[in-house]
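For reference, the structure is listed below as structure tokens.
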Amino acid sequence: MANVAVTVSYQLERVFLRLGHAETDDQLQDIISKFLPPVLLKLSSVQEGVRKKVMELLVHLNKRIKSRPLIQLPVETLLVQYQDPAAASFVTNFTIIYIKMGYPRLEVGKQCELAPTLLTAMEGKPQPQQDSLMHLLIPTLYYMKYPKDSSNTTKMAAPFILMEKPKTVQLLLEFMLDGDTPPARPAPSSPQGSAGAAAAPSGMGLPQPPPGMSVYAAKRVIGEAQWSPEQLEQCKLGIVKFIEAEQVPEVETVIHLVVASSDTRHGVATAADLELKSKQSIIDWNNPLIVNKMYKVYLGDIPLKTKGASLKRELKHEPVSTRVKLKILPHLLRSRLAAECFPANIQVVYDGLFGANTNNKLLSLTLQFVHHICQICPDTNKPLGLMLLNGLTKLINEYKEDPKLLCMAYAAVGKLSSRMPQLFTKDIALVQQFFEAMCKEEPDVRLAIQEALSMMVGAYANLQGALLNLMEALVAAYMGKPEVQVRQVAMKYASTVFASDHVPSRYLLLLAAGDTREEVSGEAQRVLRALPAKSSEKEGCKPMPSFPDMVTYIQEKAAQRMKTPAKYIVGTSILPFNPSAFGEIVLYLRMCLAHSAGATPVSKSLADMQDDAPAIGRYVQTLLSNDALTPPSSMGTKGAETNPVQVYMELLQQLLSAIGGVPVMYCLLEVVSICPEKLAPRFIDKIDWIKSLMNTNKEDMRELAAQLYAVVVSTMSGNELKTAVQTLIKITKDTHSPETQHGAIMALGYMVGRYINKRNLTDWSISLPTWVRLSSGSFMDSGSSLLAVAACTALGEMARNGPLLIPSEGEGFTKMAMVDNMLARIPSGKESLKMKERAIQTLGYLPVGDGDFAHQKKLIQGLMDSVEVGDWLSLQKTCAWLRRR
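Position one of the sequence shown corresponds to residue 23 (our numbering), numbered consecutively onward.
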């Protein structure tokens with residue numbers, strides 16, 4: 023052994039001498055290339071003296087090499103020696119020092135040639151040495167050449183064969199991701215400066231790594247041989263180029279491209295963006311590997327209670343910078359799986375909403391991600407929903423900078439309510455908060471709140487008990503706000519949250535139906551007039567409240583409003599509601615009346631409303647028989663009135679007196695006509711008021727008022743009746759006002775008809791034949807079509823109720839002459855359509871009241887010969903009447 027040691031020492035001494043005698047760099051390089059690898063092998067000697075001699079030689083060699091940067095080292099040989107599994111660790115530790123020293127000195131082409139060997143040499147080596155080799159490899163990637171088509175390997179083989187090296191691939195990917203993360207920055211001015219920065223204490227005495235990196239990652243990427251900003255840019259471009267060449271599976275490298283696309287250097291970001299776009303169609307954004315990596319990079323290594331302290335602090339990655347987050351979030355928005363990954367998704371949300379480094383762009387993307395989660399996440403994940411709701415409400419309460427972001431936050435709450443309504447059902451305070459905000463915010467935000475509240479309404483559709491009462495009070499409070507959007511949403515809640523037979527909510531909808539804004543009133547009217555399907559009614563859902571309940575509630579509210587500024591003044595009249603709302607109220611009460619009577623409630627067509635009269639008549643008779651009527655009184659003092667029919671009539675009369683309206687007039691006529699014996703006497707002292715309605719400029723109103731006048735007068739007797747009839751006859755002769763004449767003629771016709779029907783003509787001061795001749799002779803051939811139509815209608819009404827007491831034929835005005843007169847009008851081009859229709863109607867009535875009408879065949883033949891296409895409807899009705907006879 024001693025001889026061997028002496029021999030080795032002698033050999034080392036000779037190498038030392040040769041190094042000392044090397045006068046040029048070429049000589050020195052030759053000696054190093056020949057003797058450095060074997061000298062390093064001597065470090066494995068068991069002789070202390072030999073190892074000491076080798077160390078002295080290496081110290082001398084290092085001094086010579088460092089001062090001569092152009093001297094090449096035998097890197098290839100050293101790499102082979104480094105990979106020798108039989109080599110002692112002491113040898114490999116020193117070998118890698120010279121690999122690190124010599125590899126950067128090689129020409130670029132040689133570096134590219136040896137790059138695959140660097141990867142191979144990493145297998146099984148300690149982590150620090152792997153990091154050192156990786157630090158050599160990464161800058162080389164920029165210069166590597168790859169096959170242009172990965173499927174065609176005949177011209178150029180792929181430089182890296184990584185299929186059988188999963189551990190090396192993972193190591194490479196991790197290092198490349200860390201290499202993509204650090205921002206380009208100026209190189210430190212001195213090693214001392216960088217060392218001082220690296221040692222800057224944070225909370226636990228460890229240096230603070232850059233965003234997205236751990237202390238360890240910062241050391242291995244930045245600390246050993248720091249790259250200049252230009253070198254760092256080349257390294258990142260090399261990584262992107264490596265990924266483009268598809269040397270590793272694309273699913274593993276998506277996150278690298280995403281991070282690189284956020285780089286501050288335009289060249290790096292553009293290259294990564296282009297590569298991402300080219301692969302956009304083939305990347306599966308729902309791949310768990312891709313999603314989990316994006317979350318891990320975004321959030322860093324957040325300590326979770328379930329993991330405890332398993333990860334050392336120096337290995338924990340910090341969350342990435344805001345710039346990187348802005349690139350990751352759009353890709354999370356592409357992924358359905360990302361929206362379902364709890365708790366990572368909520369951690370991203372809270373970081374974006376309330377993180378220390380957030381900004382408006384990140385807030386906007388985060389809120390988009392919240393919308394994405396609301397659309398996709400399972401509706402059973404209550405913790406997620408609760409945390410989202412708390413975060414959004416916190417943001418709404420605290421953030422006041424950008425109205426657009428506030429709009430997005432409100433919209434997200436609305437979407438969340440649609441997805442998880444159970445979170446909102448008991449939270450009436452949130453609804454109130456949103457209503458209050460809608461009163462205060464600017465128009466754009468107000469619109470967003472309106473949409474959010476509209477989406478939230480479904481969550482409150484099944485409220486019960488105290489919560490329902492709270493909601494009722496809330497809706498009532500905001501129904502009268504000046505902001506139209508507030509009233510619109512309050513109306514929506516009134517129509518959706520409460521059952522269709524809920525009286526207070528129907529009252530609120532009636533107030534909304536009289537709103538000055540069409541968007542509020544139109545929707546409220548649509549809701550009030552929409553009837554549920556019969557299936558819903560069978561299930562117990564009543565389409566509207568009962569008539570007595572609704573009338574009583576309206577009566578109470580009207581009395582209250584008359585004592586407040588809410589009352590409405592029209593001329594000399596004081597109304598409890600504005601005219602539009604009042605009109606809707608009485609029409610809705612008519613619908614409730616029809617529904618309670620068992621008929622189909624309608625409020626649009628008077629003709630359809632007339633079809634309900636028989637059923638309504640029976641129901642009103644029942645109501646009147648159950649309650650005693652009280653004397654008429656004014657609205658302000660009608661607290662004693664309890665009969666719903668009486669209250670209904672009072673409301674109709676009050677609205678008619680102030681505003682008028684044909685539908686309202688019909689409703690009053692209908693209810694009085696149903697039970698004239700009990701209800702008509704109430705209007706005897708108001709006969710002059712009814713007469714004034716017969717003088718209005720609306721023909722339909724005059725006709726309905728004339729019918730009401732006839733109903734009331736038909737209950738009179740004696741002098742009252744005589745005076746009323748004489749007054750009407752006198753008015754018919756007043757040629758100054760055709761409208762007044764029209765009303766009087768109609769009233770006389772309806773009056774005579776009612777008395778004929780009763781067969782009670784003893785009270786008349788003028789004979790019926792005389793009046794018939796007056797009406798026909800004076801007005802049937804009048805130059806005024808208005809009066810002619812009135813006379814025709816009056817004759818028809820009398821004929822419908824009984825035989826006309828005029829001769830059948832002969833001289834003068836006879837039944838034959840009347841038939842000829844009417845038939846002649848039907849084909850005439852001078853007559854109005856209304857005149858023709860009334861003529862046909864009157865002809866049909868003649869045989870109805872007179873079973874022995876002598877000219878029935880002539881009448882039918884004349885109708886068939888003279889009718890026009892447009893009159894077929896009237897003709898059909900007439901024929902139907904004739905068939906019934």
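Note that the Cβ used here is the ideal one computed from N, Cα and C, for glycine as well.
Contact under 8 Å by Cβ, residue i with residue j
i	j	result
Gln-133	Thr-162	yes
Met-723	Gly-682	yes
Ala-546	Leu-531	yes
Val-276	Ile-312	yes
Pro-666	Val-525	no
Leu-445	Leu-417	no
Gly-260	Glu-340	no
Ala-459	Ile-471	yes
Met-820	Val-774	yes
Tyr-610	Phe-599	no
Met-8	Leu-865	Nothing about residue 8 can be reported from this structure: the residues present for the chain run from 23 to 907 only.
Gly-818	Val-686	no
Ala-728	Tyr-772	yes
Ala-766	Ile-709	no
Tyr-125	Leu-158	yes
Pro-138	Pro-181	yes
Tyr-421	Leu-410	no
Distance, residue j Cα to residue i Cα
i	j	result
Ala-483	Lys-514	11 Å
Lys-462	Gln-454	13 Å
Lys-608	Leu-673	Contrary to the premise, residue 608 reads as Val rather than Lys in this sequence. Going from the Cα of Val-608 to the Cα of Leu-673 covers about 7 Å.
Arg-468	Gln-507	7 Å
Pro-169	Leu-140	20 Å
His-82	Gly-42	9 Å
Lys-879	Val-841	11 Å
Thr-286	Glu-255	10 Å
Thr-757	Ile-751	12 Å
Lys-335	Gln-51	First, the residue type needs correcting, since residue 335 is Arg and not Lys in the sequence shown. Straight-line Cα distance between these residues: approximately 45 Å.
Arg-358	Pro-352	12 Å
Asp-323	Leu-34	52 Å
Pro-829	Asp-633	35 Å
Ser-854	Ser-807	8 Å
Ala-534	Met-501	7 Å
Ile-712	Ala-812	18 Å
Lys-755	Arg-528	49 Å
Gly-215	Lys-88	Note that Gly-215 has pLDDT 39, beneath the 50 cutoff, so the model's placement of it is unreliable and no number is given.
Asp-706	Val-694	According to the sequence as given, residue 706 is Ile; it is not Asp. Approximately 12 Å, taken between the alpha carbons.
Gly-218	Val-97	Only weak support exists for where Gly-218 lies, its pLDDT of 38 falling under 50; the value from the coordinates is given anyway. Those two C-alpha atoms are separated by around 33 Å.
Gln-151	Pro-365	37 Å
Pro-400	Leu-438	11 Å
Asp-153	Glu-196	11 Å
Leu-490	Glu-742	56 Å
Gln-94	Leu-136	14 Å
Sequence-distant residues of its chain with Cβ nearer than 7 Å to residue i (five each side left out)
i	result
Ser-283	Ala-291, Ala-294, Asp-295, Leu-298 and Lys-349
Arg-907	Reliability of the predicted coordinates at Arg-907 is poor, the pLDDT of 48 falling under 50, and the value obtained from them is presented with this limitation in mind. Taken in chain order, the residues that qualify are Pro-869, Val-870 and Gly-873.
Lys-14	In the structure as shown, the chain starts at 23 and stops at 907, and residue 14 therefore has no counterpart that could be examined.
Asn-309	Val-273
Val-549	Ser-517 and Leu-531
Ser-875	One point to set straight first is that residue 875 is Phe, not Ser, in the sequence displayed. Same-chain partners within the cutoff: Leu-868 and Pro-869.
Cβ shell of residue i (< 8 Å), same chain only, five flanking positions each side left out
i	result
Ser-211	Reliability fails at Ser-211, whose pLDDT of 40 lies under 50, so the model's placement of it is uncertain and the value that follows must be treated cautiously. Closer than 8 Å at the Cβ level, and outside the excluded window around Ser-211, lies no residue.
Asn-719	Glu-761
Tyr-238	Glu-336 and Leu-337
Leu-485	Thr-447, Met-493 and Val-519
Asp-306	Val-273 and Ile-312
Lys-370	Before going further, note that residue 370 is Val rather than Lys in the sequence given. Cβ neighbours of Val-370 beyond the five flanking positions: Tyr-317, Tyr-320, Leu-321, Leu-351, Leu-354, Thr-388 and Phe-391.
Met-857	Ser-807, Ala-810, Val-811, Cys-814 and Arg-847
Lys-660	The pLDDT assigned to Lys-660 is 43, lower than 50, so where the model puts this residue is not dependable, and the model offers no usable value.
Tell me whether the stretch 54-67 and the stretch 106-120 touch, counting them as touching only if at least three CB pairs, one residue from each stretch, are closer than 8 Å. At 8 Å Cβ cutoff, the stretches touch.
With a floor of 3 residues, list each beta strand (DSSP E) that falls wholly inside the stretch 687-768, ordered by position along the chain. Taking only runs of at least 3 residues, no beta strand (DSSP E) segment lies wholly in the stretch 687-768.
What runs of the alpha helix (DSSP H), each 4 residues or longer, lie entirely inside the stretch 829-881? Within the stretch 829-881, the complete alpha helix (DSSP H) runs of at least 4 residues are 837-847 and 855-871.
Pick out the complete alpha helix (DSSP H) segments inside the stretch 596-641, 4 residues or longer, and give them in chain order. Runs of the alpha helix (DSSP H) inside the stretch 596-641: 601-618 and 628-633.
Quick one: which unbroken alpha helix (DSSP H) runs of 4-plus residues sit fully inside the stretch 217-304? Chain order, please. The qualifying runs are 237-240, 251-266, 272-282 and 288-300.
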